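In our numbering, the protein residues as written are 507 to 694. Note that beta-carbon positions come from the ideal geometry of N, C-alpha and C, so glycine has one too. Computed from a predicted structure; not experimentally measured. Input: a single structure, listed below in structure tokens.
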Amino acid sequence: MGPMRPIFRSLIWAILATAFFLPGCGYHLRADGQPVGIELESLAIPLFSSTSSEIGFEADFTRVIRQEFISHARVPLVPEERAQALLIGKIREIRTDPLSYKSQEVTVGGNPSTYPVTRSRRLRVRLEVQLVDRRLGKVIWTEAAMEEQASYAISEDPLQTRYSEKQALEKIASRLAKRIYLRTMERF
């Protein structure tokens with residue numbers, strides 16, 4: 507036991523020194539829901555615009571992003587004319603690409619033929635987003651190509667396929683909303 511006593515004593519001193527000096531390093535966690543580096547009194551999130559050929563989902567997309575801020579932030583969402591900052595988004599691209607295929611066999615004019623049929627697709631959404639201090643006219647942050655993707659199954663029923671595509675779009679919107687929220691309210 508004799509040789510262990512100095513090692514144990516050194517370990518205790520090292521732990522105490524670390525505990526004493528660590529709080530003075532300047533790093534600390536921020537209160538939940540508070541932005542870093544800016545005083546954000548109020549925020550408006552206008553309807554995201556879209557330059558893609560897909561239309562009609564902008565309201566759902568904006569709703570998901572607003573809900574992310576309502577759920578987590580302590581910054582009130584207000585109308586544009588009363589907001590200190592605006593979160594402006596443009597949906598630049600929505601693209602679907604085939605992800606997997608199955609072979610379909612048919613007989614045409616007595617001749618057997620095989621062709622590929624899409625079983626699933628990958629949906630990609632690319633946004634341009636910026637947070638602007640409305641009073642100063644200054645861009646607080648901007649990201650020109652924020653992108654997320656999700657896959658969905660293709661059904662023989664077009665309504666089921668459309669539903670699956672909408673679910674994939676909701677998943678993408680949720681992921682992007684989390685990224686936008688963290689970019690705006692990041693804490694350390």
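(message) Per the DSSP calculation, Gln-610 is bridged to which residue(s)?
(response) The sequence position of residue 610 within the sequence shown is 104, counting from 1. Note: Gln-610 sits in a beta bridge opposite Tyr-621.
(request) Report the rounded CA-to-CA distance for Arg-569 versus Glu-587, giving the unit in angstroms. (result) By one-based count along the sequence shown, residue 569 stands at place 63. By one-based count along the sequence shown, residue 587 stands at place 81. Going by the C-alpha atoms only, they are around 19 Å apart.
(request) Determine, using beta carbons only, whether Ser-558 and Ile-600 come nearer to each other than 8 Å. (result) Counting from 1 along the sequence shown, the entry for residue 558 is found at position 52. Counting from 1 along the sequence shown, the entry for residue 600 is found at position 94. Their beta carbons are under 8 Å apart, which means Ser-558 touches Ile-600 by this criterion.
(message) Taking only three categories from DSSP, how would you classify Thr-557?
(response) For the purposes of this step, residue 557 is taken as residue 51 along the sequence shown, with counting starting at 1. It is coil, neither helix nor strand.
(request) Evaluate Ile-678 with the Cβ neighbour count: other Cβ atoms within 10 Å of its Cβ, from every protein chain shown; 16 or more gives buried, anything less gives exposed. (result) Position 172 of the sequence shown, counted from the start, is the residue given in the question as residue 678. Counting of Cβ neighbours within 10 angstroms places Ile-678 among the buried residues, the total reaching 16 or more.
(request) Count the other CB atoms, across all protein chains shown, that sit within 10 Å of the CB of Ala-669; report buried if there are 16 or more and exposed otherwise. (result) Here the question's residue 669 lines up with position 163 in the sequence shown. In the sequence as presented, Ala is not what sits at residue 669; that position holds Tyr. By the 16-neighbour rule on beta-carbons within 10 angstroms, Tyr-669 is exposed.
(request) Taking Gln-666 as part of the alpha helix (DSSP H), name the residues at either end of that continuous run. (result) Along the sequence shown, one-based indexing puts residue 666 at 160. From DSSP, the alpha helix (DSSP H) with Gln-666 extends over 664-691.
(message) Quick check on Ala-674: buried or exposed, where buried means 16 or more other Cβ atoms within 10 Å of its Cβ?
(response) Translated into the one-based positions of the sequence shown, residue 674 becomes position 168. It counts as buried.
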